[in-house]
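Everything below concerns the one structure shown next.
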Amino acid sequence: MNAEWNMLVLSRKDSRLLTLEELADAARLHPDLIQSFVDFGLLEPVRQDGQHLFFDMEAVLRVRTIQRLRRDLGVNLSGVAVILDLTQRLRRMQQELEWWRSRR
Amino acid sequence: MAVKFKDYYALLNVPRTATADEIKKAYRKLARQYHPDVNPGDATAEDKFKDLNEAYEVLSDAEKRRRYDDLGPNWQAGVDFTPPPGWEGARQGFGDFGERFAGRSTGEFSDFFETLFGGFRGARAGAGFAMRGADVEAELPLNLEDIEHGATRTLTLQAAERCVNCGGSGLQHERVCPVCHGTGMVRRPKTLSVHIPVGVREASVIRLAGQGEPGTGNAPAGDLYLRVRVLPHPLFFVVGSDDLQLELPVAPWEVALGGRVTVPTLDGPVEMTIPAGSQGGQRLRLRGKGMRRQGDGAGDLYVKLKIMVPPKLTADERELFEKLAATSGFRPRDFSTRGEP
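Listed in order, the protein sequences are those of chains R and D. Taking my numbering, I'd label the letters of the first sequence as residues 29 to 132. Taking my numbering, I'd label the letters of the second sequence as residues 7 to 347.
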């Protein structure tokens, strides 16, 4: 196989927090839309500094998921919130089940 | 590699005579069922969803559906497919494709689709069209040892790269590039070596800038997002965000009399004291022996005692247990408050 090797070392920059504008940029959405996700409780900043909100990298994928659910399935924001909560719960239960099964 | 025929009607589970409305209904139902975001951890759902999107892209568009139907009903899914004469010239006239594609969630259709309807990218590139590459998400399975000590892991992805033959334009000598079928991109395995920082957790996200799909024109590549998935460990179970739990098998006399035992941790075995009179199911805490945090400190390790008896008693053991049974005044069951014996 003609595999190409890329050595990547993560700098501190990759683990730092994102501002709302940076999150919008990473998700390629308008900051106002991100703000409305926050207002709706779909997205929680990990830190708040006065008016400024800060998010972790997980928020980027969460925003992408929100957008996919809205676009692909036509779900509204309340529906998205329910789906996100339920899938997270499902995921946790699957992992617990996996762990118990692996011990047999 | 030969292009395989895809039966779009079978994928949507509708007859070839289905109306536009029936097709839409079938698509919506299946899309809900197989959407990757509502099927966490199910890799097959994503492929199924891609197929559905592709089928719907074709069958929901009257023009594309007509062209697909023109191939005739005698094709079997999976057989080698070569487009009939005349298809080459038919690539023009789908000018709106680029935008419709960009809006799709998976963005990637099969070679079969590209062979029939592809080529939009070449037309765009020729007009100086530039668009940043798509971001890519992938799972990064890690075991607890990797997370505890930090690690360098290699992962192989089916990544899109700019087609070398046509330089990403999709065109070669003003004809559709034979290598990438006009898409300007080729898929091939790409191996990345990724350093895992200490302190990542389940669902943590690591971003590798510029490692997503290549852009068109002079636009930059997208980013690659790796979502950490913690593999089940044979000994430890993650509790909350930083704590671990371990089930420790102990002999009855070890808990009755107390004593020192050796306990495995992610950083090697440590000694622990079991207080005399400990009970089965009881959790003892080893402070700071859980998972390391990103900055300083670590969570705790909870050691849950599980009392075991020898599966087969020797004559001596049997005698001692019988003696204990005869002399002990211990009553482990007291159901009197509930009226039981």
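We put the CB at the ideal spot given by N, CA and C, even for glycine. As the structure is a computational prediction, the values presented were derived from the model and not from experiment.
Boundaries (first-last residue) of the alpha helix (DSSP H) holding residue i
i      : result
R:G107 : 105-130
R:T93  : 86-101
D:L326 : 321-333
D:L65  : 49-65
Close-in-space but distant-in-sequence residues of the same chain around residue i (CB under 8 Å, 5 per side omitted)
i      : result
D:P184 : N171, Q178
R:Q95  : A55, L57
R:Q63  : L48
Spatial neighbours of residue i in its chain, beta-carbon cut-off 7 Å, leaving aside the 5 residues before and after
i      : result
D:S111 : Unreliable positioning characterises D:S111 in this predicted model, as indicated by a pLDDT of 34, which lies under 50. A coordinate reading is not provided.
D:L241 : L252, P270
R:L45  : V74, R75, F82, F83, D84
R:R98  : V108
D:Y14  : A61, V64, L65, Y74
D:S116 : K12, E60
R:Q116 : none
D:G265 : I280
D:P258 : I313, V315
D:S334 : none
D:G274 : none
DSSP beta-bridge partners of residue i
i      : result
D:Q164 : D:P195
D:T23  : The partner list for D:T23 (beta bridge, DSSP) is empty, contrary to what the question assumes.
D:K312 : D:P255
D:M137 : D:T222
D:T268 : D:E277
D:K10  : D:D86
R:L45  : Per DSSP, none; premise fails for R:L45.
D:V44  : Paired residue(s): none; D:V44 is not in a bridge.
D:Q178 : D:R181
D:L250 : D:V244, D:L307
D:R159 : D:V200
D:R38  : In the DSSP output, where bridge partners are listed per residue, D:R38 has none listed.
Proximity below 9 Å, CB of residue i to CB of residue j
i      : j      : result
D:A157 : D:E151 : yes
R:R90  : R:L112 : yes
D:G139 : D:A26  : no
D:F322 : D:L250 : The residue asked about is misnamed: residue 322 of chain D is Asp in this sequence, not Phe. No. Outside cutoff.
D:I313 : D:V267 : no
D:A16  : D:A68  : no
D:L230 : D:L148 : no
D:Y40  : D:L18  : no
D:T4   : D:V200 : Chain D is shown from 7 up to 347; residue 4 of chain D falls before or after that span and cannot be answered.
D:E208 : R:Q123 : yes
R:P59  : R:E49  : yes
D:V9   : D:D86  : yes
R:S106 : D:P238 : no
D:L326 : D:K295 : no
D:V192 : D:I153 : no
Residue range of the unbroken beta strand (DSSP E) whose run includes residue i
i      : result
D:E277 : 276-280
D:L263 : Looking at the DSSP string, D:L263 is not in any beta strand (DSSP E); the run it does join, the alpha helix (DSSP H), is 258-263.
R:H80  : 80-83
D:F119 : Not the beta strand (DSSP E): D:F119 falls in the alpha helix (DSSP H), residues 117-123.
D:F243 : 242-245
D:P147 : 142-148
R:L57  : From DSSP, R:L57 is part of no beta strand (DSSP E); its letter is neither H nor E.
D:L230 : 230-236
D:R291 : 289-292
R:D77  : 75-77
D:L77  : No beta strand (DSSP E) holds D:L77; DSSP gives it neither H nor E.
D:V211 : 211-214
Same chain, Cβ closer than 6 Å to residue i, five either side skipped, listed in chain order
i      : result
D:G174 : R168, G190
D:W81  : F11
D:Q98  : With a pLDDT of 43 at D:Q98, under the threshold of 50, the predicted position of this residue should be treated as unreliable, though the coordinate-derived value follows. Contacts found: none.
D:E52  : P42
D:T289 : It is worth fixing the name first, because residue 289 of chain D is Arg in this sequence and not Thr. The residues are Y308, K310.
Presumed contact (8 Å Cβ cut-off) between residue i and residue j, rounded CB distance
i      : j      : result
D:G228 : D:V142 : 6 Å
D:G216 : D:A136 : That belief does not hold up - the Cβ atoms of D:G216 and D:A136 are roughly 16 Å apart, past 8 Å.
R:L118 : D:P46  : 6 Å
D:V204 : D:R298 : 6 Å
D:L214 : D:L232 : 7 Å
D:A49  : R:L101 : Rounded, the Cβ-Cβ distance is 20 Å, inconsistent with contact.
D:L146 : D:V234 : 5 Å
D:A3   : D:E219 : Since the first residue of chain D shown is 7 and the last is 347, residue 3 of chain D is not available in this structure.
R:V88  : R:A55  : 6 Å
D:V261 : D:Q285 : 7 Å
D:V276 : D:L263 : Actually they are not in contact, since the Cβ atoms of D:V276 and D:L263 sit about 21 Å apart, beyond 8 Å.
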